[in-house]
Amino acid sequence: MPDMLEVFAEYGSVIATSTLRLFLGAGLSLAYGHHPLELWLLTSTGSVLGVFLCLLLGNKIRSVWVRQMQKRNRTSITDAPPPPALVKKIWQRYGLWGLAGASIFLGTIPSVAIALVSGLEKRRIFLYLTGGKIAWSTLIAIIGELPF
């Protein structure tokens, strides 16, 4: 029987990894040999926590970014390079739902940053991105259960 400290370390590492990248957390959970329900629960928890923390710290992160832009002799945020064409295309065509679906590939921090810059309310951003992350966690858990 595994030691409780080992189990907490495994669960904590999967949650912490899923906070930033869902795919990495799911891969780590599969590497540990977790049951698909554990995989789903841990990666969903980490993803939701990541979205929450990014939204909570969003203004602080933005102010640090603005200061760094000003140090680089850029006068405003609008002088920053434009977002990649694919991100722009997804946003224009699908809006927040598209961003929520693509957030697994973009990562939590860029997804939240793009949504915050668009001027949407934080509650709506949280609900959409959380829904997308949980949907992806569910899909990954189902795929992880398939016999290959």
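Residue numbers (the working numbering): 27 to 174.
Even glycine gets a Cβ: it sits at the ideal position worked out from N, Cα and C.
| query | What does a CB cutoff of less than 8 Å around F152 pick up in its chain, not counting 5 residues either side in sequence? | reply | V77, F78, L81
| field | Spatial distance of E171 from L83 (CA atoms) | value | 35 Å
| Ends of the alpha helix (DSSP H) at S55? | 48 to 58
| Just the Cα atoms here: how many angstroms apart are E36 and A52? | 12 Å
| task | Please determine, among Q94, H60, I87, S73, the residue with the shortest C-alpha to C-alpha distance to I130. | result | S73
| field | Beta carbon of I140 nearer than 9 Å to that of W117 | value | Judged by beta-carbon spacing, W117 lies within the 9 Å limit of I140, meaning their Cβ atoms are closer than that value.
| message | Using a Cβ-Cβ cutoff of less than 8 Å, which residues in the same chain neighbour Y58 once the five nearest sequence positions on both sides are dropped? | response | E36, V40
| message | Measuring straight from C-alpha to C-alpha, what distance separates S89 and Q96? | response | Straight-line Cα distance between these residues: approximately 11 Å.
| task | Can you grab the Cα-Cα spacing for the pair L68 / S44, in whole Å? | result | Looking at the two C-alpha atoms, the distance is approximately 8 Å.
| Backbone CA spacing between A126 and L132 [nearest angstrom] | 10 Å
| Contact check, S137 vs L48 under 8 Å by CB: the rounded distance? | No, S137 and L48 are not in contact; Cβ-Cβ is about 11 Å, not under 8 Å.
| query | Which two residues bound the contiguous alpha helix (DSSP H) that contains L75? | reply | L75 -> alpha helix (DSSP H) spans 62 to 82.
| task | Going by CA-CA distance only, name the one from E64, L46, Q94 that's closest to F34. | result | E64
| said: What does the alpha-carbon distance come out to for the pair I169 and S70? | reply: 15 Å
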